[in-house]
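A.B. asks: A single structure is presented below for examination.
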Amino acid sequence: MKNTKMIHFKDITDVHNQTRPMGHLTPIESAIDVPFEIKRIYYLTKVPENTTRGFHSHRELQQVLLCLNGSVDIEISTPDEKEKITLNNPAIGLYIGPMVWREMSNFSPGSVLLVLASEHYAEDEYLRDYDDYLKKATLYFGEKE
Ligand code: T46
């Protein structure tokens with residue numbers, strides 16, 4: 225789907241000089257493992273059952289979403305595409321670039337959604353009205369073709 229992709233990060237299970245299972249380690253380096261400089265990190269925790277979040281797009285912001293524990297569904301769409309992705313692997317992230325509408329649902333109990341963002345927080349960078357989003361996104365993707 226336009227302006228989105230799955231990113232598979234390193235999933236390191238070996239630890240120097242250890243032969244028994246030691247767990248998983250996933251490193252993420254700014255501008256190396258993600259396609260932007262990371263300027264902000266935030267995370268969603270203790271989201272009550274049946275809560276839906278998101279319902280917006282960003283004009284220019286790029287983000288990578290990772291579910292570090294449990295699972296969460298992310299529905300992403302552009303004016304002519306829609307896809308639902310379940311995040312449930314802490315070594316696999318969803319990259320979402322500009323002008324993609326997102327809705328988050330089905331947060332499992334204890335889920336932790338980590339977000340890496342390319343910019344500092346700016347409310348005027350959000351498109352929260354769907355009709356306004358549709359108009360601007362149709363123009364944006366039309367001009368890109
Ligand atoms: C996104 C999805 C995946 C801040 O003050 N600083 C921040 O960095 C963020 C992200 C939010 N806020 C404030 C703004 C609102 O008053 O926290 C409140 C909740 O934010 P929002 O309603 O945008 O939260 P979500 O869960 O709907 O969306 C968030 C991100 O805002 C958004 O960029 O893509 O997670």
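Numbering (this note's numbering), first residue to last: 225 to 369.
Backbone N, C-alpha and C define an ideal beta-carbon position, used for all residues, glycine too.
Just to confirm before moving on: does the CB-CB distance between L351 and C291 stay below 8 Å?
C.D. replies: No; because the gap between Cβ atoms is not below 8 Å, this pair is not in contact.
A.B. asks: Where does the unbroken alpha helix (DSSP H) through D355 begin, and where does it stop?
C.D. replies: Y354 to K368 is the extent of the alpha helix (DSSP H) around D355.
A.B. asks: Is S281 closer than 8 Å to W325 when the C-beta atoms are compared?
C.D. replies: In this structure, S281 lies closer than 8 Å to W325 by Cβ.
A.B. asks: Using the rule of at least 16 other Cβ atoms within 10 Å of the residue's Cβ for burial, across every protein chain shown, is T302 buried or exposed?
C.D. replies: It is buried - the Cβ of T302 has at least 16 other Cβ atoms within 10 Å.
A.B. asks: In the DSSP assignment, what are the bridge partners of K263?
C.D. replies: K263 is not bridged to any residue.
A.B. asks: Look at the Cβ atom of N274, then the Cβ atom of G334, and state whether they are nearer than 8 Å.
C.D. replies: The answer is no: Cβ separation not under 8 Å.
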